[in-house]
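Top to bottom, those sequences are chains D and Y.
The opening residue of the first sequence carries number 175 in our numbering; numbering runs sequentially from there.
The opening residue of the second sequence carries number 4 in our numbering; numbering runs sequentially from there.
Cβ coordinates follow ideal geometry from the N, Cα and C atoms, glycine included.
Worksheet: the structure to be examined is printed underneath.
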Amino acid sequence: MYGRIASFSILLFALQHVIRLIYSLGYHLHYYQHYPGPCYQVESIEFGSGNFFTLPDGTTFITSGLSMNILSRSYQSHYSRNNISGAIYCMNLRTQVPVVSRLAIKVSEDTSFRQDKFRPHGISVWPNYDTGIRHHVVYVVNHPPKEADRIEKFVYDPEENLLRHVKTFTSSKLRVVYDVLAIGEDSFYATNFLYEQQSWFTMLLELFSLMPWSNVVLYSESGGYRTVVTGLTSATGIVMSHCGMFVYVLMCLSSEIRVYKRQEDDSLILQQYYPLHTHPDGAVLDPVTGDLFVGAHPILHQFLRHLDKPWQHKASSQVLHIRVTNGNITSVTELLFDEGDLISGSSAAVVFEKKLLVGSFIDKLVICDVNVPI
Amino acid sequence: MIGGAVKVGIAAIIVYKIAEFLLRPGADADVHFKKHYPGECRQVKGIDFGSEDLEVTKDGLAFITSGLWFPGAPKGFTDMITNNNAKGSIFLYDFNKPDLGARKLKLIPSKHFDPEIFHPHGISLLEDEANGEHLLYVVSHRKGKDDAVEKFRYSPKTNELIHVNSFAGDELHITNDLAVISEDKFYITNMMYFKNPYLSIIENLLALHVGSLVFFNGTGFTTAITGMRGPNGVSLSRDRKNLYVNLPFTGSMKVFDIKADYSLTEIQSLLLYTGADNLHVSQSGDALYTGAHPVLSKIMEHISDPSQKAPSSVLKLPLNNGKVDTEKITELFYDHGELISGSSVAAVHNNQLLIGSVIHKLVICDANIKL
Chain D
175 MYGRIASFSI LLFALQHVIR LIYSLGYHLH YYQHYPGPCY QVESIEFGSG
225 NFFTLPDGTT FITSGLSMNI LSRSYQSHYS RNNISGAIYC MNLRTQVPVV
275 SRLAIKVSED TSFRQDKFRP HGISVWPNYD TGIRHHVVYV VNHPPKEADR
325 IEKFVYDPEE NLLRHVKTFT SSKLRVVYDV LAIGEDSFYA TNFLYEQQSW
375 FTMLLELFSL MPWSNVVLYS ESGGYRTVVT GLTSATGIVM SHCGMFVYVL
425 MCLSSEIRVY KRQEDDSLIL QQYYPLHTHP DGAVLDPVTG DLFVGAHPIL
475 HQFLRHLDKP WQHKASSQVL HIRVTNGNIT SVTELLFDEG DLISGSSAAV
525 VFEKKLLVGS FIDKLVICDV NVPI
Chain Y
4 MIGGAVKVGI AAIIVYKIAE FLLRPGADAD VHFKKHYPGE CRQVKGIDFG
54 SEDLEVTKDG LAFITSGLWF PGAPKGFTDM ITNNNAKGSI FLYDFNKPDL
104 GARKLKLIPS KHFDPEIFHP HGISLLEDEA NGEHLLYVVS HRKGKDDAVE
154 KFRYSPKTNE LIHVNSFAGD ELHITNDLAV ISEDKFYITN MMYFKNPYLS
204 IIENLLALHV GSLVFFNGTG FTTAITGMRG PNGVSLSRDR KNLYVNLPFT
254 GSMKVFDIKA DYSLTEIQSL LLYTGADNLH VSQSGDALYT GAHPVLSKIM
304 EHISDPSQKA PSSVLKLPLN NGKVDTEKIT ELFYDHGELI SGSSVAAVHN
354 NQLLIGSVIH KLVICDANIK L
């Protein structure tokens, strides 16, 4: 009899888990489109603008041509069919009509870095304003096909408009990496979206079983790799406040953003968690106000279908403006909602001088005038 | 015996959990909506007890009904009105003189009009472009008597509303809004059928489709459309060729063609996914604006207890050949209820958005985006 009770309880548990998952897919959700002003798609970006980083002078680095090992075969064939390649673009948001320019990548001879296997995702810049020449350090998450995820370090050469590849960071502590956050020339945090990285099946199982194996890892020259936050589910974007005191982590499937206080030894203590009730992908720090702009997937089932066949299914896009005061999140406003016609699968956003830049996983890059109060 | 008890226990837990889920209060039904505004928004001074419906003239004069009461109103609602001595009244807001705020208009009664039992709901306007002596038709729930449509003439020199006529009839049950097509000819919605409080509870519980749309031709009422579930706001297109009715309980809206004999043919039925209340056509006639209740249970709670906030939303419904272009519907405004609770109507004049509510404030927004 106890066996029957036990098996019935397990059945109920599985049932309620499935119901919760179906609910989070958002079939019942309906939103209305609205924009902060007139919008247009940026020419020359066709296949993604997954993540970006904006410096106080408006210089923005954008990753494009994203792919991950967890994605389906039809996604990969879409990728190769369209001759998509991983690339990093640069854009100055200060100009009246910003243009993107693709940055060439220069590699040293004895490197394992392969241009044709470059699939850039999260990006973070450690600005270097010494000697007047902006040789910023650029960290990028890379998902080379059928290999382990890694972090690439580049140095930006503004005169020759290229990125010089310097180092590749690999470790068994880097699992399915999503985003990176530079905290020094040679140190960074990185989010592991999932722990499983080998088989497509185990990755999806971990994702949908909501196993809390996602985490945040710290790398420093002195300490190597160290896990600083554990027990997360589907951690995606990670950004830091100007003062370096607060680290913000987005969690996609769990629909929330967490604020951590950074300690002396770079460990992170949870300060606040704020439910967003949407699925946030990437956050970009406003270089002027310190607020956050987030690209999110409001209707998850649409985004999952889009990830399977991007040419067939559009996905609703949403941009949130998260106001922060002293590391405390005070309010959330929706800056843009599009049903996927202008941009599908928004994954990052930033506002600079009344211009909103919206990036997507594998779709376009959009710029809108911001005529609403910010 | 223990086995039987355990089975009953498990069954009880399952039933409890299901009931808890189904009967949950609307407390979290609006959590995934985020606020957004078209520009700087602020409450208009002078209105504290509702601005349920309004109409704006070409020159920017907005006539607003306030102090709503209706038969069957919950105790918390009526308490708020009586405790604050909020009489049924009509306010004027001039877009060109915003500093004056909203001013209560003096009502000059006639033989058949008693201002003490006047409780205005929907309003419709016939503009007098020559002299500014606009004709206002207002739905009134007369306490102790039947609902009626009160006709007033606006006197711009004295800022008064002079009562002209009252229209009542057996065809009017629990009315809501009206749309005037020409002098003394209008369409009016019966949002509920039963006036008896117990029967109206049943009517709501069973969601009976006994609401209707009635037409007054100058002398008498005729029923134009029957079998509707809670028709609420009604509006006409600028060219008087189409009629629009909001059905908040079903989250939908219906569009009709108006024939020469004033009969109606339904040409479009669309889902709005929200509880749209009243409608207002744009100045050029190219769109409708509507104040909506995103979560019905929240507006119900707000009406039972006005201290409970209810979210507000304003939608713009672009029109194409009389029909609503569903692909181009946008949301102009969303507030969680702090600035304005229970938005019921919205109108645009010179790129400013005026938003009214059932029993809360009146809000005006300056907008730099195209409204």
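Separation of Tyr276 (chain Y) and Gly233 (chain Y) (C-alpha to C-alpha, rounded to the nearest whole angstrom) is 16 Å.
A straight-line Cα-Cα distance of about 58 Å links Arg276 (chain D) and Leu95 (chain Y).
Across the structure, Ser259 (chain D) and Ser361 (chain D) are spaced so that their CA atoms are roughly 28 Å apart. Each of Y:Lys244, Y:Arg243, Y:Lys262, Y:Met231 was checked against the Cα of Ser255 (chain Y), and the nearest Cα belongs to Y:Met231.
Contact of Asn354 (chain Y) with chain D by beta-carbon distance below 9 Å is absent, the smallest such distance being about 11 Å. In this structure Phe52 (chain Y) does not touch Ile93 (chain Y) by the C-beta definition: roughly 13 Å separates them, more than the 8 Å allowed. Scanning D:Ile541, D:Ile536, D:Asp460 for the CA closest to the CA of Gly222 (chain D) turns up D:Ile536. In this structure, the beta-carbon distance from Tyr196 (chain Y) to His176 (chain Y) falls below 9 Å.
Taking a cut-off of 8 Å for Cβ pairs, the segment 359–375 of chain D and the segment 449–457 of chain D do not touch, as fewer than three such pairs fall below it. For Gly296 (chain D), the three-state secondary structure derived from DSSP is strand. With a 10 Å radius around the Cβ and a threshold of 16 neighbouring Cβ atoms, Thr81 (chain Y) comes out exposed.
Looking at D:Leu186, D:His202, D:Ala188, D:His416, the one whose alpha-carbon comes closest to that of His475 (chain D) is D:His202.
The beta carbon of Asn220 (chain Y) is closer than 8 Å to those of Lys188, Tyr265 in its chain, skipping five residues each way along the sequence. Beta-bridge annotation (DSSP): Ala457 (chain D) is paired with D:Val468. Per the C-alpha coordinates, the member of D:Glu217, D:Leu530, D:Ile279 positioned closest to Asn335 (chain D) is D:Ile279.
Going by beta carbons, Gly464 (chain D) and Ala522 (chain D) fall outside the 9 Å limit. For the 9 Å CB-CB criterion, Glu359 (chain D) and Val281 (chain D) do not form a contact.
Collapsing the DSSP output to three states places Pro449 (chain D) in a strand. For a Cβ distance threshold of 8 Å, nothing in chain Y lies close to Leu478 (chain D): the least Cβ distance comes to about 17 Å.
Per the C-alpha coordinates, the member of D:Ile184, D:Val433, D:Leu381, D:Ala409 positioned closest to Leu195 (chain D) is D:Leu381. Closest in alpha carbon position to Lys301 (chain Y), among Y:Ala370, Y:Ser316, Y:Ala290, is Y:Ser316. As a beta-bridge residue in DSSP terms, Met425 (chain D) pairs with D:Ala409, D:Glu430. Straight through space, the alpha carbons of Val329 (chain D) and Asn502 (chain D) are spaced by roughly 33 Å. With fewer than 16 other CB atoms across the displayed protein chains lying within 10 angstroms of its CB, Gln190 (chain D) is exposed. Taken in chain order, the unbroken stretches of beta strand (DSSP E) that lie wholly in the segment 478–542 of chain D and span 3 residues or more are 491–499, 502–512, 520–526, 529–534. Boundaries for Ser183 (chain D): no beta strand (DSSP E) harbours it, while the alpha helix (DSSP H) harbouring it runs 176–198, taken from the DSSP string. Taking C-beta separations shorter than 6 Å and ignoring five residues to either side along the sequence, the partners of Gly236 (chain Y) in its chain run Asp180, Asn249, Asp280, Asn281, Leu282, following chain order. The continuous alpha helix (DSSP H) containing Lys301 (chain Y) extends over residues 299–307. For the 9 Å CB-CB criterion, Ile325 (chain D) and Val315 (chain D) form a contact.
In the assembly as shown, Gly7 (chain Y) is an exposed residue. Its beta-carbon has fewer than 16 other beta-carbons within 10 Å. Just so you know, the alpha carbons of Met414 (chain D) and Phe235 (chain D) end up roughly 16 Å apart. A Cβ-Cβ separation of about 6 Å places Pro41 (chain Y) in contact with Phe336 (chain Y) under the 8 Å criterion. The alpha-carbon separation between Leu103 (chain Y) and Gln46 (chain Y) amounts to approximately 13 Å. A Cβ of chain D is located within less than 9 Å of the beta carbon of Phe36 (chain Y). Residue-level contact by beta carbon fails for Ser181 (chain D) and chain Y, as no gap is shorter than 9 Å.
In the assembly as shown, Gln492 (chain D) is a buried residue. Its beta-carbon has 16 or more other beta-carbons within 10 Å.
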